[in-house]
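S.K.: Residue numbers (our numbering), protein chains in the order written: chain U, 87 to 536; chain A, 2 to 288; chain H, 273 to 627. Cβ atoms here follow ideal geometry from the backbone N, Cα and C, with glycine treated the same way. First, the structure itself, so that you have it in front of you.
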Amino acid sequence: MTTRLGRYRRGTAKQVVAVLGASALLLAACNTDGDTSLGGEIDDTGGDTGGDAEEPGGTDEEPVAAPGDGEELVIGRISALEGAFAASAEDGERTVQMVLEEFGNEVAGRPIRTIVESSDTTPETAVDRARKLVEQDGVHIIHGPLSGGEGAALADYAKSVPHVTFVDAASGGTATTLADPSDNYFRWHSEGAMWTSPLGAYTAEELGYTNIATLAEDYAFPHSQVGGFLESYCAAGGEVAQTFWVPLGESDYSSVIASIPSDIDAMFVSVGGSDAVDFLTQAEEFGLDVPIIGGSILVTEDVLSSEGDVRASSDGIVSSGPIPPATAEIPEWQDFQQAYRDANPDAFDTPTLQAVLYYNSFKSLLLAIEENDGVVEEDDGASLRETMSNLTWDSPIGSLQLNENRQAETSIFIYDVVDDGDEDLGTRLINTAEGVQQGTENWGRLDGCP
Amino acid sequence: MRQALTIGLNGLTLAALYFLVASGLTLIFGMMRIVNLAHGAFYLLGGYVGWSVLQRSESWGLGLVGAAIAIGCVGLLMYEVLLRRIEKEDMRVALVTIGVSLIMADQMLLSYGGVAYSLRTPDWLRGAFDFGFAGLVYPRGRLFTLVLAIVVGIALWAFITRTRFGMIIRAGVDDRDMVSATGINVRVVFAAVFFLGSALAGLGGAVGGTTFSLSPGTDIEYLLYSLIVVIVGGMGSITGVAVGAVLVGLVSQFALGYIPAWASILTFALMILVLAVRPQGILGRAA
Amino acid sequence: MSQLIDTKRRRTNWVAFGIVLALLIVFPFVVPRPQFWVVSVGLRSLWLGIVSMSLIWLAKTTGMLSLGQLTFWGVSGYMVAALSTTGDMHYGLSLPLAVLAGTAVGFLVALICVRTQGVYFLMLTLAVSQLGYFLVLQAASLTGGFEGIGGIRRPELFGLSFNDRNVLYFVALAAAVGCYLLCRYIARTPFGLALEGVRDSPERMQALGYNVYWYRVAAFTFSSFLASISGVLALFYHGRITPGAVDMVRSVDVLIVSVLGGIGSIAGAFLGSTGLTILQNFSQHPAIPVRRLTLTGVIFVLVLLFFPGGIVGLSDQARRAWTRFRGRGETSDDDPEQEEPGQEAAGTGTAAARG
């Protein structure tokens with residue numbers, strides 16, 4: 087025993103010396119860009135004002151690319167390809183590829199190279215990937231992320247690297263652009279609370295439901311969905327019997343369904359992905375017979391075309407979101423869906439919500455770069471951001487422009503699910519609310535009318 | 002009343018599913034002292050395989066059988082190739098199974114993607130069963146899960162207590178080396194046990210994938226619940242798994258019914274309570 | 273046992289240690305792209321190494337392999353965040369309080385968990401860490417729920433601003449070295465020796481009058497203390513803390529680091545953490561055809577099967593293989609498969625029982 091331990095101790099020391107010595111030499115040798123030793127400022131990039139999270143240290147000077155003369159443009163991308171939203175992220179890759187093909191893989195004469203880092207919906211990982219893209223790969227543009235928590239963290243991080251321009255891919259967290267928004271963070275789509283706010287008024291006024299219950303998963307995105315919904319619903323005179331909050335990761339809703347009061351007019355349900363499939367299946371199995379008002383990811387394409395038994399309970403659900411239903415007669419939208427199907431015959435019949443947002447955000451980015459003549463690096467992106475703030479264009483889902491917080495105010499589409507006898511269920515546009523603005527609250531977990 | 006009965010049945014049918022899955026885990030541990038932390042990944046793969054078989058054959062029953070056999074083989078393969086050489090080192094084996102679960106999870110994400118899958122309930126299991134009192138109607142599919150778990154449980158119990166093979170297994174639990182010394186080919190016995198335990202996980206995945214959906218993350222969910230069930234019920238005991246599953250199922254469903262936000266925490270609190278009072282689990286042997 | 277290591281070996285140890293330390297001190301000043309290497313690699317490897325060291329130390333000295341270290345790591349991190357960001361407490365007060373809180377939670381968990389052993393203990397600590405995850409998710413008023421607590425203001429202590437990456441790096445380095453030396457020191461104290469006895473022959477120790485249970489609790493508490501220190505450093509590294517930092521994937525990361533570095537060596541923790549950090553950062557490189565998670569899993573399994581001593585044990589393993597190849601022959605005593613901590617106890621125990 088003694089010998090073994092002793093050998094390990096000696097072995098430890100030798101090994102540590104060998105490996106670290108080698109690493110140090112390797113690192114010193116890895117000086118490919120000729121930028122030696124104390125590159126960049128060591129001190130921080132500002133005082134600690136009002137709780138901004140900052141990165142330790144400053145940033146390194148990066149070798150500068152010459153303006154728009156065919157110099158390769160590197161775009162960093164962060165997408166939640168691992169984790170619960172992998173299906174949507176995969177779909178997002180398809181639509182980003184569509185944009186790249188539209189532009190011929192170059193913009194303003196500069197060939198585009200993307201570096202895709204996958205995240206797993208946790209904020210820490212998203213920031214780690216961003217750090218690597220910014221500090222190691224030297225990107226000046228980041229496109230991403232997908233989920234709300236990541237978006238808030240990246241917007242925070244953005245403040246510490248002002249020379250990088252961030253374009254949000256699909257994240258819908260309210261906080262990201264609501265209070266003290268970062269100057270270099272742009273979001274070309276509306277956020278979670280905005281997606282349901284017209285629906286609230288519609289439910290009370292048009293559908294005539296005045297006593298409802300809500301059911302949602304207990305995290306930030308559903309909080310804002312329920313908040314946005316209840317704000318306008320209650321303002322229109324509606325009442326809330328009870329709110330049910332289910333812990334993340336619970337896929338058995340049967341007992342919650344059994345506890346839903348029987349005297350309500352309707353239920354507002356905000357769950358998504360595989361949980362939406364589970365809920366809808368169980369709703370039918372357990373005979374839930376109140377009308378369902380859906381949150382924005384309850385009856386999206388991936389849920390309706392899933393292998394689950396969602397048909398019976400989805401029929402007739404009214405929902406709202408930032409993209410029109412597949413059958414909506416908006417020419418640009420129909421063209422876009424056709425282009426998606428042509429390019430991706432094995433994917434869904436219509437792009438998922440996140441995929442559409444990925445498309446819009448990435449295209450907005452390239453359009454802004456084009457309009458700015460490809461000037462990205464040399465002025466630390468100042469002119470690019472200026473151009474992007476003023477950019478407005480017609481996307482497949484309507485006209486896009488940004489408000490003073492660099493947050494888009496877009497149309498919200500109210501639709502319902504119809505069973506037209508096809509293999510999959512279809513959706514039908516009922517109403518469009520245009521230019522919906524961001525609210526003023528960052529909603530937490532509500533227990534009734536706000 | 003109806004609400005409470007429904008919730009009670011929810012708890013029992015969920016317990017049935019947990020039993021199916023966790024029984025495989027405890028069987029392998031009881032006999033071979035191997036904790037297969039890839040058990041959750043086996044569950045998910047079982048579900049996916051069941052789905053694939055269902056797609057091709059249009060037969061749900063075949064899907065279940067296919068899933069069980071396929072995952073049994075996967076488990077056997079993992080045991081023979083990776084674990085057998087180091088099988089006496091419990092800790093190292095457990096760690097290797099963690100590594101396997103990582104690889105499996107990523108490869109399943111690659112093959113099946115991030116979309117949610119469900120097996121389509123066969124027609125003869127659709128609809129609800131009317132109990133005839135208290136206005137209680139309950140989905141047939143979930144009742145079937147309960148029946149299946151009871152049948153499997155009894156079969157396992159009979160197998161272990163009434164057959165010669167089962168006797169060897171029970172002897173092996175007590176003294177592995179002695180069994181080997183009596184000339185029984187322990188290696189074959191071990192392989193069979195690992196196959197059976199893994200097959201149970203696969204079967205659980207196919208059945209569970211009918212009631213609930215399958216997606217990345219389901220593997221960790223079921224691994225965790227299997228662990229809690231065997232910790233509460235006691236490792237190495239089939240009856241223990243049944244007891245643990247029923248407790249966990251009921252606690253979680255009643256919590257979801259009345260205080261949903263605390264459901265997950267209450268389930269864990271149950272585990273901690275059992276540990277504090279009886280560390281080996283309710284029906285477990287003292288360590 | 274330690275008295276049996278001769279003075280010459282001890283001196284070599286300290287010289288080697290000094291060289292390593294010098295390299296680490298010089299590192300921020302010679303490395304290219306320091307904002308990436310010092311922060312994303314150096315800092316991360318340091319705090320990840322400390323929490324892995326807590327796992328390794330516990331496994332090595334008591335044979336208990338815990339997957340729950342992030343629970344205490346999370347408690348201390350959340351505590352600092354809640355007290356000094358959401359609240360207004362001065363860091364000079366919140367930092368020690370947080371470490372104390374993490375250690376206290378470690379003590380409470382120990383009371384329940386150390387009554388079990390081996391893989392049962394492993395499963396338990398895993399379940400405990402998941403409980404921690406759900407609690408953190410649920411107690412939104414304290415922990416910010418799913419969104420966590422962001423916008424951490426890094427402190428300024430003794431005139432040094434923790435926003436400066438070099439300051440933070442050296443603080444982390446000092447903490448890592450301090451924890452490492454503390455672990456080495458404990459091994460030579462009566463407490464440390466008693467722990468080794470408890471690991472190898474708990475019945476014998478009990479018979480000798482040592483209260484095995486409380487020794488185990490103490491050891492577990494000490495490891496949670498180390499983990500808590502790491503939690504504070506990690507909070508300043510990330511600038512935020514969310515439940516995603518303490519989920520199952522992260523707990524397995526700590527385990528991977530420990531095995532990769534060498535589960536018999538507390539210094540190995542840092543080699544492992546550096547290795548994993550570099551892997552996670554660079555695995556997207558086009559030259560690597562395998563997906564990151566698959567690659568991580570495969571490396572983990574390969575190390576477990578073929579390199580049980582981890583990176584640290586590589587030279588020993590190579591030397592043994594070389595010696596065997598040259599036909600000198602080794603005693604069965606040197607079989608690498610018996611080197612695993614805890615397994616030594618099982619091996620010796622069963623051998624002793626057989627007589």
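Counting pairs of beta carbons, one from the region 420 to 433 of chain H and one from the region 313 to 328 of chain U, are three or more of them closer than 8 angstroms?
M.R.: No, because fewer than three Cβ pairs between the region 420 to 433 of chain H and the region 313 to 328 of chain U fall closer than 8 angstroms, the two stretches do not touch.
S.K.: Is there at least one Cβ from chain U nearer than 8 angstroms to H:Q307's Cβ?
M.R.: Against the third sequence, residue 307 of chain H aligns to sequence position 35. Taking Cβ atoms only, chain U reaches closer than 8 angstroms to H:Q307, which makes this a yes.
S.K.: Can you tell me whether U:D533 is helix, strand or coil according to DSSP?
M.R.: By one-based count along the first sequence, residue 533 of chain U stands at place 447. Three-state DSSP puts U:D533 in coil, outside helix and strand.
S.K.: I want to verify the contact list: residues of chain U whose CB lies under 8 angstroms from the CB of A:G258, in sequence order.
M.R.: As a working note, residue 258 of chain A is residue 257 in the second sequence. S341, V342, A344, S345, listed in chain order.
S.K.: For the region 226 to 244 of chain A, list every residue whose C-beta sits within 9 angstroms of some C-beta in chain H, in sequence order.
M.R.: Residues passing the 9 angstroms Cβ filter: L228, I229, V231, I232, M236.
S.K.: So, does the region 534 to 552 of chain H touch the region 320 to 329 of chain H, judging by three or more C-beta pairs under 8 angstroms?
M.R.: The region 534 to 552 of chain H vs the region 320 to 329 of chain H: in contact.
S.K.: Which partner residues does U:N297 have in the DSSP bridge list?
M.R.: The residue given as residue 297 of chain U occupies position 211 in the first sequence. The partner list for U:N297 (beta bridge, DSSP) reads U:E325.
S.K.: If distances are taken between C-alpha atoms only, which option among U:A362, U:A173, U:S469 comes closest to U:V396?
M.R.: As a working note, residue 396 of chain U is residue 310 in the first sequence. That would be U:A362, whose Cα lies nearest to the Cα of U:V396.
S.K.: Just to make sure I have the definition right: I need the residues of chain H whose C-beta is within less than 7 angstroms of the C-beta of U:A306. Which are they?
M.R.: Indexing the first sequence from 1 puts residue 306 of chain U at position 220. Correct list: F418, E419.
S.K.: Hey, is U:Q311's beta-carbon within less than 8 angstroms of any beta-carbon in chain H?
M.R.: As a working mapping, residue 311 of chain U is identified with position 225 in the first sequence. For U:Q311, the answer is no, since every Cβ of chain H falls outside 8 angstroms of its Cβ.
S.K.: Count the other C-beta atoms from every protein chain shown that fall within 10 angstroms of the C-beta of H:R282, then say buried if there are 16 or more, exposed otherwise.
M.R.: As a working mapping, residue 282 of chain H is identified with position 10 in the third sequence. That one is exposed.
S.K.: Name, please, each residue of chain H whose Cβ falls closer than 7 angstroms to the Cβ of U:P410.
M.R.: The residue given as residue 410 of chain U occupies position 324 in the first sequence. Simply none; closest approach about 29 angstroms.
S.K.: Going by DSSP, name the residue or residues bridged to H:S433.
M.R.: Numbered from its first residue, the third sequence carries residue 433 of chain H at position 161. Note: H:S433 sits in a beta bridge opposite H:E428.
S.K.: Which bits of chain U does A:Y44 rub up against, with CB to CB less than 9 angstroms?
M.R.: Position 43 of the second sequence holds residue 44 of chain A. In chain order: nothing, as chain U lies at least about 13 angstroms away.
S.K.: Taking all protein chains shown into account, do 16 or more other C-beta atoms lie within 10 angstroms of the C-beta of H:K280, making it buried, or fewer, making it exposed?
M.R.: Position 8 of the third sequence, counting from 1, holds the residue named residue 280 of chain H. By the neighbour-count rule (16 or more Cβ atoms within 10 Å), H:K280 is not buried but exposed.
S.K.: Measure the CB-CB distance between A:A69 and A:S227 and report whether it falls below 8 angstroms.
M.R.: Counted from its first residue, the second sequence places residue 69 of chain A at position 68. Counted from its first residue, the second sequence places residue 227 of chain A at position 226. For A:A69 and A:S227, no; Cβs fall outside 8 angstroms.
S.K.: Leaving out five residues on either side along the sequence, give the residues of the same chain with a beta carbon under 6 angstroms from the beta carbon of H:S502.
M.R.: What you label residue 502 of chain H is simply residue 230 of the third sequence in a count that begins at 1. If we look at H:S502 and ignore the five residues flanking it on each side, its Cβ neighbours are W319, I322, V323, W345.
S.K.: How should A:R165 be labelled, buried or exposed, when 16 other C-beta atoms within 10 angstroms of its C-beta is the threshold for buried?
M.R.: Taking the second sequence and counting its residues from 1, one reaches residue 165 of chain A at position 164. Exposed is the call here.
S.K.: Under 9 angstroms Cβ-Cβ, which residues of chain A neighbour U:D465?
M.R.: For the purposes of this step, residue 465 of chain U is identified with residue 379 of the first sequence, where counting begins at 1. Per Cβ cutoff of 9 angstroms: no residues; U:D465 is ~39 angstroms from chain A at best.
S.K.: Closer than 8 angstroms by C-beta to U:G154: which residues in its own chain qualify, once you throw out the five before and the five after it? Chain order, please.
M.R.: Stepping through the first sequence from its first residue, residue 154 of chain U is reached at position 68. Low per-residue confidence applies at U:G154: pLDDT is 47, beneath 50, and the placement is therefore not dependable enough to give any value.
S.K.: Between the C-alpha atoms of U:S497 and U:L486, what's the straight-line distance to the nearest angstrom?
M.R.: For the purposes of this step, residue 497 of chain U is identified with residue 411 of the first sequence, where counting begins at 1. For the purposes of this step, residue 486 of chain U is identified with residue 400 of the first sequence, where counting begins at 1. Taking the straight line from one Cα to the other gives about 9 angstroms.
S.K.: Based on DSSP bridge pairs, tell me the residues matched to U:L488.
M.R.: Walking along the first sequence from the start, residue 488 of chain U turns up at place 402. Paired residue(s): U:A494.
S.K.: H:A623 by DSSP, collapsed to three states: which one?
M.R.: As a working note, residue 623 of chain H is residue 351 in the third sequence. Any reading at H:A623 must be qualified, since the residue scores a pLDDT of 35, below 50, and its modelled position is unreliable; the value itself is stated next. Correct three-state label for H:A623: helix.
S.K.: Along the chain, where does the beta strand (DSSP E) that runs through U:G162 open and close?
M.R.: Within the first sequence, numbered from 1, the residue matching residue 162 of chain U stands at position 76. Unbroken beta strand (DSSP E) run through U:G162: 159 to 165.
S.K.: Give every residue of the same chain whose Cβ lies closer than 7 angstroms to the Cβ of U:L532, excluding the five residues on either side of it in the sequence, and list them in chain order.
M.R.: Mapped onto the first sequence, residue 532 of chain U falls at position 446. Hits under 7 angstroms: V312, G313, L316, T329.
S.K.: Could you tell me which chain H residues have their CB closer than 9 angstroms to the CB of A:I273, listed as they occur along the chain?
M.R.: For the purposes of this step, residue 273 of chain A is identified with residue 272 of the second sequence, where counting begins at 1. Simply I384, A399, V400, L403.
S.K.: Comparing alpha-carbon positions, which option in A:G31, A:C74, A:M32, A:F145 lies nearest A:G297?
M.R.: Nothing can be reported for residue 297 of chain A: it is not among the residues displayed for chain A, which extend from 2 to 288.
S.K.: Quick one: which unbroken alpha helix (DSSP H) runs of 4-plus residues sit fully inside the region 464 to 498 of chain H? Chain order, please.
M.R.: Counting whole runs of 4 or more residues, the region 464 to 498 of chain H contains the alpha helix (DSSP H) stretches 474 to 479.
S.K.: Looking at chain A, is there any beta carbon in it that lies within less than 8 angstroms of the beta carbon of H:V377?
M.R.: Walking along the third sequence from the start, residue 377 of chain H turns up at place 105. Chain A, which has no Cβ nearer than 8 angstroms to the Cβ of H:V377, makes this no.
S.K.: Would you list the residues sitting across from U:T518 in a DSSP beta bridge?
M.R.: One-based indexing of the first sequence puts residue 518 of chain U at position 432. According to DSSP, U:T518 bridges with U:F499.
S.K.: Pull up the distance between the alpha-carbon of A:M55 and that of A:V36, whole angstroms please.
M.R.: Taking the first residue of the second sequence as position 1, residue 55 of chain A is located at position 54. Taking the first residue of the second sequence as position 1, residue 36 of chain A is located at position 35. Residue 55 of chain A is actually Leu in this sequence, not Met. A:L55 and A:V36: Cα-Cα distance of roughly 30 angstroms.
S.K.: If we count Cβ pairs, one from each stretch, closer than 8 angstroms, do we get three or more for the region 187 to 201 of chain A versus the region 242 to 255 of chain A?
M.R.: Touching, no.
S.K.: Residues of the region 567 to 585 of chain H in Cβ contact with chain A at a cutoff of 8 angstroms, in chain order, please.
M.R.: Against chain A - using a Cβ distance shorter than 8 angstroms - the residues of the region 567 to 585 of chain H are T568, G569, V570, F572, V573, L576, L577, P580.
S.K.: Against U:A369, what residues of chain H qualify as contacts under a CB-to-CB distance less than 7 angstroms, listed in chain order?
M.R.: One-based indexing of the first sequence puts residue 369 of chain U at position 283. Result: empty, since nearest Cβ-Cβ is about 24 angstroms, beyond 7 angstroms.
S.K.: Give the straight-line distance between the Cα atoms of U:E148 and H:V573, rounded to the nearest whole angstrom.
M.R.: Start at 1 with the first residue of the first sequence, and residue 148 of chain U comes out as number 62. Start at 1 with the first residue of the third sequence, and residue 573 of chain H comes out as number 301. Here U:E148 scores only 46 on pLDDT, less than 50, and its place in the model is too uncertain to base an answer on.
S.K.: Candidates A:G128, A:V116, A:G235: which alpha carbon is nearest U:G373's?
M.R.: If you number the first sequence from 1, residue 373 of chain U lands on position 287. Ranking the options by Cα distance to U:G373, first place goes to A:G128.
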